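Here our numbering = 1-based position in the sequence shown + 59. For every residue, glycine included, the Cβ atom is placed at its ideal position computed from N, Cα and C. Please read all numbers here as calculations on a predicted model, not as lab measurements. Everything on this sheet refers to the single structure shown next.
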Amino acid sequence: MIPYGKHHVDSDDIDAVVDVLENHFLTQGTKVPEFEQALCDYTGAKYCTAVNSATSGLHVACLAAGVEAGDLVWSTPNSFVASANCALYCNAKVDFIDMDPATRNIDIEKLAKRVNAAKRDNALPKAIIVVHFAGFSCDMQRISRLLKDTDVVLIEDAAHGLGGSYHGKKIGSCEFSDMSVLSFHPVKSITTAEGGAVMTNSAELAERLVLFAKHGVTRNQDLFEGSPEALLQQGPWYYQQLTLGYNYRLSDMQAALGISQLKKLDGFVAARQKCADFYFEKLKGLPVVLPIDEKQTTTTNEKGNQSGWHLFMIELLDDENCENAEAISAKRKHVFEQLQLKGIGVNVHYIPIHLHPYYQSLGFKAGDYPCAERFYNRAITLPLYPSLTEQEQQKVVDTLTEILQ
């Protein structure tokens, strides 16, 4: 079976983990700070807080933003549930902005209308979480301009984006956002087995991120509460819990793997780009919608945009036998099952968040976000990962062509 995604670990990665097992602290040692600094060096962001998953990263980002009961957070339905769950963890409410069918990211025009209406009604959200779907960055500069002169906290869910670029800077730089959340799940750009990180350029937010990710506890004397006289009586072991935090720490074994993987990230992205180029060339004659090819899109390419190519998704086109959502969904199911039967481990990303039973219990319903629903009914994720061979890709193309014909 050719999987849709696959990690790539070599002897250098294994040696890095073994070195920690044999010679270093397994947790709370030197490797996590080293990994955090390496991520800052790579992305250009000033501060990094490594955590045990991107979901944890989204949660502490919301906490650092001050999201709490009674607040509202906006996101997009075309994502994994973690992009919205993080706000619910803070007892806030969630609403969505539909996706743009072309970019598959949040629809900027719909977002602009919603922001303008919310300004008039004094009903702006506490935070907006935008998702760089499949590795293609949202138009962060335009979104940032929409929020100018507001107190809305802008968070990038960049779980798909590490290694990609926007306006010539690496995704995760936070040039146009307050925080950016990365993922190191095994199918992502690099892996720490499980893990994530939150990037920011704000010293205040970085301080809050560390507190919420590490029990709310600090040994930083500059943050201690109490009289100077009383604090002088404390010993070097002393620490304080300043807020209710969580144990979201990354281990040093995972960080060592991340440090080693990060050195190869640009090579991984180049390999993913090569795979994407192969699909663009070989699939262009089939009755499918392909993702945006940034190399062929002058307006994005001139701005220095590059997808991280986490996913390569096609959409099946309607035909005379597929005149409604049920029919095209059935067609997608048939194509999906035939591909899997022939050893092609395709997937679908994602079931729109608002269609899940839990979110429907909150009042969302089918039809609320038609673009996300239409995309979901037609979408299939093809295999794409650094070690995918041209022969394996050709098998994917030949099999898909046979099924569609």
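When DSSP labels each residue in this structure, what does N137 get in the three-state scheme? Translated into the one-based positions of the sequence shown, residue 137 becomes position 78. Coil.
For W133 and H408, I'd like the C-alpha separation in whole angstroms. What you label residue 133 is simply residue 74 of the sequence shown in a count that begins at 1. What you label residue 408 is simply residue 349 of the sequence shown in a count that begins at 1. Their Cα atoms are separated by approximately 20 angstroms.
Just list the residues that DSSP pairs T440 with in beta bridges. Numbered from 1 along the sequence shown, position 381 holds the residue referred to as residue 440. Bridge partners of T440: M372 and N406.
CB of D427 within 8 angstroms of CB of H415, strictly: For this step, residue 427 is matched to residue 368 along the sequence shown. For this step, residue 415 is matched to residue 356 along the sequence shown. Going by C-beta atoms, D427 is not nearer than 8 angstroms to H415.
State yes or no: is the C-beta of V240 within less than 8 angstroms of the C-beta of L117? Here residue 240 corresponds to residue number 181 of the sequence shown, with the count starting at 1. Here residue 117 corresponds to residue number 58 of the sequence shown, with the count starting at 1. Their beta carbons are under 8 angstroms apart, which means V240 touches L117 by this criterion.
Heavy atom of the ligand FAD less than 7 angstroms from the Cβ of A289, yes or no? Ligands in the displayed structure: none, and consequently the ligand FAD is not present.
Which runs of the alpha helix (DSSP H) fall wholly inside the stretch 288-353 and span at least 4 residues, in chain order? 311-321 and 324-342
DSSP state of V240 mapped onto helix, strand, coil: Within the sequence shown, the letter at position 181 stands for residue 240. If DSSP states are grouped into helix, strand and coil, V240 belongs with the strands.
Less than 8 angstroms between the C-beta atoms of V119 and L268, yes or no? Here residue 119 is taken as the residue at index 60 of the sequence shown, counted from 1. Here residue 268 is taken as the residue at index 209 of the sequence shown, counted from 1. For V119 and L268, yes; Cβs fall inside 8 angstroms.
Looking at the structure shown, is F84 part of a helix, part of a strand, or coil, going by DSSP? Taking the sequence shown and counting its residues from 1, the one referred to as residue 84 is at position 25. In the structure shown, F84 sits in coil (DSSP, three-state: anything other than H, G, I, E or B).
Are M158 and I167 touching if we call contact CB-CB under 8 angstroms? Against the sequence shown, residue 158 aligns to sequence position 99. Against the sequence shown, residue 167 aligns to sequence position 108. For M158 and I167, no; Cβs fall outside 8 angstroms.
Start-to-end residues for the alpha helix (DSSP H) that takes in T114: If you number the sequence shown from 1, residue 114 lands on position 55. That run of the alpha helix (DSSP H) goes A113 to A123.
Nearest residue (CA-CA) to E93, options S319, I156 and Y417: To locate residue 93, count along the sequence shown from 1; it is residue 34. Nearest C-alpha to E93: S319.
From what residue to what residue does the alpha helix (DSSP H) around Y101 run? For the purposes of this step, residue 101 is taken as residue 42 along the sequence shown, with counting starting at 1. That run of the alpha helix (DSSP H) goes K90 to T102.
Residue span of the beta strand (DSSP E) that contains T259, given as start and end: Mapped onto the sequence shown, residue 259 falls at position 200. T259 -> beta strand (DSSP E) spans G255 to T259.
Keeping to the same chain, check which residues put their C-beta closer than 8 angstroms to that of S446; ignore five residues upstream and five downstream. The residue given as residue 446 occupies position 387 in the sequence shown. So the list reads K65, H67 and A330, once near-sequence residues are dropped.
What residues in its chain sit with their C-beta under 8 angstroms from that of S224, if we drop five residues either side in the sequence? Here residue 224 refers to the residue found at position 165 when the sequence shown is read from its first residue. For S224, where only same-chain residues beyond five positions count, the Cβ hits under 8 angstroms are S196, I230, G363, N364 and Q365.
Is Q464 helix, strand or coil by DSSP? As a first step, residue 464 must be located in the sequence shown, where it is residue number 405. DSSP places Q464 in coil when its eight states are reduced to three.
Would you mind sorting Q453 into buried or exposed? The rule is 16 or more other CB atoms within 10 Å of its CB. Within the sequence shown, residue 453 is the residue found at index 394, counting from 1. Flag for Q453 reads exposed.
D180: first and last residue of the uninterrupted alpha helix (DSSP H) it sits in: The residue labelled residue 180 in the question sits at position 121 within the sequence shown. Unbroken alpha helix (DSSP H) run through D180: I167 to D180.
Hey, could you find the ends of the alpha helix (DSSP H) Y481 is sitting in? There is simply no residue 481 to check, as the chain begins at 60 and stops at 464 in what is shown.
Closest to P184 by CA distance: which of G103, T460 and A151 is it? The residue given as residue 184 occupies position 125 in the sequence shown. P184 has its Cα closest to that of A151, out of G103, T460 and A151.
By alpha-carbon positions, which one of E288, F139 and V153 ends up nearest to L421? For this step, residue 421 is matched to residue 362 along the sequence shown. Answer by Cα proximity: V153.
Rounded to whole angstroms, what is the Cα-Cα separation between L321 and E81? Residue 321 sits at position 262 when you count from the first residue of the sequence shown. Residue 81 sits at position 22 when you count from the first residue of the sequence shown. Near 22 angstroms, if we compare the C-alpha coordinates of E81 and L321.
8 angstroms contact criterion, which L147 and I187 should meet: CB distance rounded: Counting from one through the sequence shown, the residue named residue 147 turns up at place 88. Counting from one through the sequence shown, the residue named residue 187 turns up at place 128. Their Cβ separation, rounded to whole angstroms, is 15 angstroms, which puts L147 and I187 out of contact at 8 angstroms.
Identify, in the order they occur along the chain, each residue of the same chain with its Cβ nearer than 7 angstroms to the Cβ of E374, setting aside the five sequence neighbours on each side. Position 315 of the sequence shown, counted from the first residue, corresponds to residue 374. Result list for E374: V347, V348, F434, R437 and A438, in chain order.
Assuming E215 is part of the beta strand (DSSP E), what are its boundary residues? Looking up residue 215 in the sequence shown gives position 156. E215 -> beta strand (DSSP E) spans V212 to D216.
Return the CA-CA distance between K34 and S261, expressed in angstroms with no decimal places. Outside the modelled stretch of the chain, which goes from 60 to 464, sits residue 34, for which no answer is possible.
Quick one: Cα of E449 to Cα of P350, how far? Your numbering for residue 449 matches position 390 in the sequence shown. Your numbering for residue 350 matches position 291 in the sequence shown. Computed Cα separation, rounded: 20 angstroms.
Span of the beta strand (DSSP E) holding F155? Locating residue 155 in the sequence shown gives position 96, where the first residue counts as 1. Looking at the DSSP string, the run of the beta strand (DSSP E) that includes F155 is K152 to F155.
Following the continuous alpha helix (DSSP H) through V246, name the residue where it begins and the one where it ends. The count along the sequence shown starts at 1 and reaches residue 246 at position 187. Neither: V246 is in no alpha helix (DSSP H) and is coded neither H nor E.
Pairwise C-alpha distance: Q87 and W296: By one-based count along the sequence shown, residue 296 stands at place 237. By one-based count along the sequence shown, residue 87 stands at place 28. The alpha-carbon atoms of W296 and Q87 are separated by roughly 15 angstroms.
Decide if G402 is buried, meaning its Cβ has at least 16 other Cβ atoms within 10 Å, or exposed. Taking the sequence shown and counting its residues from 1, one reaches residue 402 at position 343. Exposed.
Go to V269, then tell me how far its alpha helix (DSSP H) extends in each direction, as first and last residue. Numbered from its first residue, the sequence shown carries residue 269 at position 210. Taken as a continuous stretch (DSSP letters only), the alpha helix (DSSP H) holding V269 covers A262 to A272.
Test item: CB-CB of L345 and L463 under 8 angstroms: Position 286 of the sequence shown holds residue 345. Position 404 of the sequence shown holds residue 463. Against a cut-off of 8 angstroms, the Cβ pair of L463 and L345 comes out as a contact.
Could you check which residue in F395, D311, A384 and T89 has the C-alpha nearest to that of M372? For the purposes of this step, residue 372 is taken as the residue at position 313 of the sequence shown. If we check each option's Cα against that of M372, F395 comes out closest.
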